[in-house]
Amino acid sequence: MARFIRIAVTDMNGDGEPLPSDRDEWINLDQVTSVRGMLSHNLVRRHRLNGAIPREFYPLLELRTADRQTRLISLGSYPDAPTGMAALNAFLPAITAPAIRDLDAELAALVLTSGLDEDRQA
């Protein structure tokens, strides 16, 4: 059985900062072929503006799926790198963890307990 997660796909601006997106997509986690985590930042832009903006770190996940599409997921912005990496490490198991429940076995058990299987045998 497929495992789906709904994500807001992220775009990047010219400075490498994530942009808010109105594109939500359902991703089948069983079709994800690779996951790459990265931590982007605005330190160069901050330096160019002489520290006029606060420093921010942007943890991102890049997902590649079996249909060869790449999707970027932003996990927000954080004031320092360790906090950004903690957010990335906390979210990563939601994507990479194997299925905990065997939904096919649960469905078979429901069929047996409901008596639907007896109707087929008669």
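The sequence shown begins at 5 in the working numbering and counts up by one.
We put the CB at the ideal spot given by N, CA and C, even for glycine.
Check	Outcome
Reference W156; option with closest CA among I77, I57, A101	Residue 156 lies beyond the range of the chain shown here (5 to 126); nothing can be said about it.
Identified DSSP bridge partners for M16	P22
Residue span of the beta strand (DSSP E) that contains N32, given as start and end	28-32
Buried or exposed by the 16-neighbour rule on C-beta atoms within 10 Å, applied to L92	buried
Classification of F8 by the beta-carbon crowding that lies within 10 angstroms, buried from 16 upward	exposed
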